[in-house]
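Input: a single structure, listed below in C-alpha cells.
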Amino acid sequence: MQSIGGDLSVELFRFRDLCNDAPQALDGLARVLVAAGQLEAANRVWAWVDQAQALSVENAA
C-alpha cells in the first residue's frame, strides 16, 4: 500500500472543508483514490463521509 504524501494530505483537508455539506462528493473522491491505489487516503475520506452523515443526523434530531 502506498502512503500519501504531505501535499496530497493538505489538499484532502482543503477538499474536505469545501465539501462538508456534500458527502456524496467526498464519496466520489474516495472511489477515485481507491482506483488510484491510494487506500490510506480513501479510508480517511470515507471517515469524513461518516462524520458528515452523523452530523447531519444529529442536526436533524
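9 is the number that UniProt numbering gives to position 9 of the sequence shown; each next residue is one higher, with no gaps. C-beta atoms are modelled at their ideal positions from N, C-alpha and C, and glycine is treated no differently. Model, not experiment: these values are computed from the prediction.
Buried versus exposed, by CB contacts within 10 Å (16 or more), V57: exposed
C-alpha distance - residue 74 paired with N43, whole-angstrom precision: No information on residue 74 is available, as it lies outside the stretch 1 to 61 that the chain covers here.
Cβ pair V49, D17 closer than 8 Å: no
First and last residue of the uninterrupted alpha helix (DSSP H) at Q51: 39–60
DSSP three-state assignment for A22, whether helix, strand or coil: coil
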